[in-house]
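Colleague: Got a structure for you, written out below as structure tokens; questions coming shortly.
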Amino acid sequence: MRTTTAILLLLILLMVLLRACVDGYRPVIIVHGIFDGPKQFQTLALFINETHPGTEVTVVDLYKHMSSLKPLWKQVQNFHRAIEPIMEKARDGVHLLCFSQGGLICRALLSTTPNHNIHNFIALSSPLAGQYGDTDYLQQVFPGCVKDMIFLVCYNRVGQRVSICQYWNAWRENFLHIKKLVLIGGPDDGVITPWQSSHFGFYNSKERVVEMRNQEFYRNDTFGLKTLSARGDLSLCLCSGVKHMHWHSNFTVFTNCIEKWLT
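Position one of the sequence shown corresponds to residue 1 (this note's numbering), numbered consecutively onward.
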């Protein structure tokens, strides 16, 4: 009788502990990149659920494929409406995991949302300091353009209706509400130009890359990067050998750069 009771108590304890572990994972909201949709992030969602069982993972089903070219401010508004109910239900906050153009949407979203409960913001190969030149993606939208002429295409009434012509900087106070900023990128990306933009680096007037800590917006702490760094809440992860469209399906990237920030 005592043995049976002990076994039952042990089983109950294990169930409580398991429940606590499952409940301990914050919801993860994934925002896709340009020309993507939820289907492209099934592998990433699988990685999360295999390593953190019970995690609520939502890949926002908005602005898929060609619709991802719509004006970014419009996208930010509607992505906010989509994730607001998830944030409201999450007592301990949520994680934002955002790929490529999605990183800009997430950055603007959290920067324009007072009192948000976004815990960690993970930007996966996102052109956070801007995009330069005539990448493959830009050629799909504006065939035949070269980098010397892109400004003529983007900076007019028509060009400003296309998402890739609207990459911008963010607001400081709301940005600093996050607990951790994780920046992921690498030299073999092939799309983000320069690739250091994923780490807030960018070209100077001589097309030489100026890394994040030497940028004016960092030195002046324009939107909080320097403060995050001083707090110890800025993490840079560099991975070589990863092409742009493979970031979200590469398990090594997930284990080295993402997994530990999803608790």
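Don't be surprised by glycine CBs; every beta carbon is placed ideally from N, CA and C.
Starting from HIS80, follow the alpha helix (DSSP H) in both directions and report where the run begins and ends.
Modeller: Here the alpha helix (DSSP H) through HIS80 covers 72 to 89.
Colleague: So, helix, strand or coil for ASN120, using DSSP?
Modeller: DSSP places ASN120 in strand when its eight states are reduced to three.
Colleague: How big is the Cα-Cα spacing for LEU84 and VAL191?
Modeller: In the sequence under discussion, the amino acid at residue 84 is Glu, which differs from the Leu named in the question. Going by the C-alpha atoms only, they are around 31 Å apart.
Colleague: Straight-line CA distance for LEU128 to LEU104?
Modeller: Computed Cα separation, rounded: 6 Å.
Colleague: Tell whether a beta-carbon distance below 8 Å holds between LEU238 and GLY201.
Modeller: Contact: no.
Colleague: If you drop the 5 nearest sequence neighbours on each side, which residues of the same chain put their C-beta closer than 8 Å to that of VAL94?
Modeller: Excluding residues within five positions, the ones whose Cβ falls inside 8 Å are ARG26, PRO27, VAL28, ILE29, ILE83, ILE86, MET87, ASN117, ILE118, HIS119.
Colleague: Please list, in chain order, all residues of the same chain as LYS226 whose beta carbon is under 6 Å from its beta carbon, the five residues on each side excluded.
Modeller: Excluding residues within five positions, the ones whose Cβ falls inside 6 Å are TYR218.
Colleague: Contact check, PHE175 vs PHE223 under 8 Å by CB: the rounded distance?
Modeller: PHE175 to PHE223, Cβ: 5 Å. Contact.
Colleague: Provide the residue(s) that pair with SER125 in DSSP beta bridges, ordered along the chain.
Modeller: DSSP lists no partner for SER125.
Colleague: Taking the C-alpha atoms as reference points, what is the distance between SER125 and LEU46?
Modeller: Cα to Cα, the separation comes out at about 20 Å.
Colleague: Grab the span of the beta strand (DSSP E) containing SER235 for me, first residue to last.
Modeller: Unbroken beta strand (DSSP E) run through SER235: 234 to 238.
Colleague: Do the stretch 228 to 237 and the stretch 106 to 114 make contact, defined as three or more Cβ pairs closer than 8 Å?
Modeller: Judged by Cβ distances under 8 Å, the stretch 228 to 237 makes no contact with the stretch 106 to 114, as fewer than three pairs qualify.
Colleague: Helix, strand or coil: which one does DSSP assign to ILE30?
Modeller: Of the three classes helix, strand and coil, the one that applies to ILE30 here is strand, per DSSP.
Colleague: Could you check the C-alpha separation between THR113 and SER205 for me, to the nearest Å?
Modeller: Spanning the two alpha carbons is a distance of roughly 34 Å.
Colleague: Considering only their Cβ atoms, is the gap separating LEU44 from PHE121 smaller than 8 Å?
Modeller: Not in contact: PHE121 and LEU44 (Cβ atoms no closer than 8 Å).
Colleague: Report all residues from its chain with a CB closer than 8 Å to the CB of PHE251; omit the five preceding and five following residues, and keep chain order.
Modeller: Cβ neighbours of PHE251 beyond the five flanking positions: PHE47.
Colleague: With which residues is HIS248 paired in a DSSP beta bridge?
Modeller: According to DSSP, which records beta bridges pairwise, HIS248 is partnered with nothing at all.
Colleague: So what does DSSP say about TYR218, is it helix, strand or coil?
Modeller: TYR218 falls in the helix class under three-state DSSP.
Colleague: Can you check DSSP and say which residues form a bridge with CYS257?
Modeller: Answer by DSSP bridge pairing: none, since CYS257 is not bridged.
Colleague: Does DSSP put PHE223 in a helix, a strand or coil?
Modeller: PHE223: coil per DSSP, three-state reduction.
Colleague: Given ALA123, which residues of its chain have a CB within under 8 Å of its CB, disregarding the five upstream and five downstream residues?
Modeller: Result list for ALA123: CYS98, GLY103, CYS106, ARG107, LEU181, VAL182, LEU183, ILE184, SER198, in chain order.
Colleague: In this structure, how does DSSP classify PHE99 when only helix, strand and coil are distinguished?
Modeller: Of the three classes helix, strand and coil, the one that applies to PHE99 here is strand, per DSSP.
Colleague: Going by DSSP, which residues form a beta bridge with TYR63?
Modeller: Paired residues: none, contrary to the question.
Colleague: Using DSSP with H/G/I as helix, E/B as strand and the rest coil, what is LYS180?
Modeller: Looking at LYS180 - three-state DSSP - the assignment turns out to be strand.
Colleague: So THR43 is in the alpha helix (DSSP H); what residue range does that whole segment cover?
Modeller: That run of the alpha helix (DSSP H) goes 42 to 51.
Colleague: Using a Cβ-Cβ cutoff of less than 6 Å, which residues in the same chain neighbour ASP61 once the five nearest sequence positions on both sides are dropped?
Modeller: So the qualifying residues of the chain are PRO38.
Colleague: Might you give, ordered along the chain, the residues of its own chain that have their beta carbon closer than 6 Å to the beta carbon of CYS257, omitting 5 neighbours on each side?
Modeller: ILE184, CYS237.
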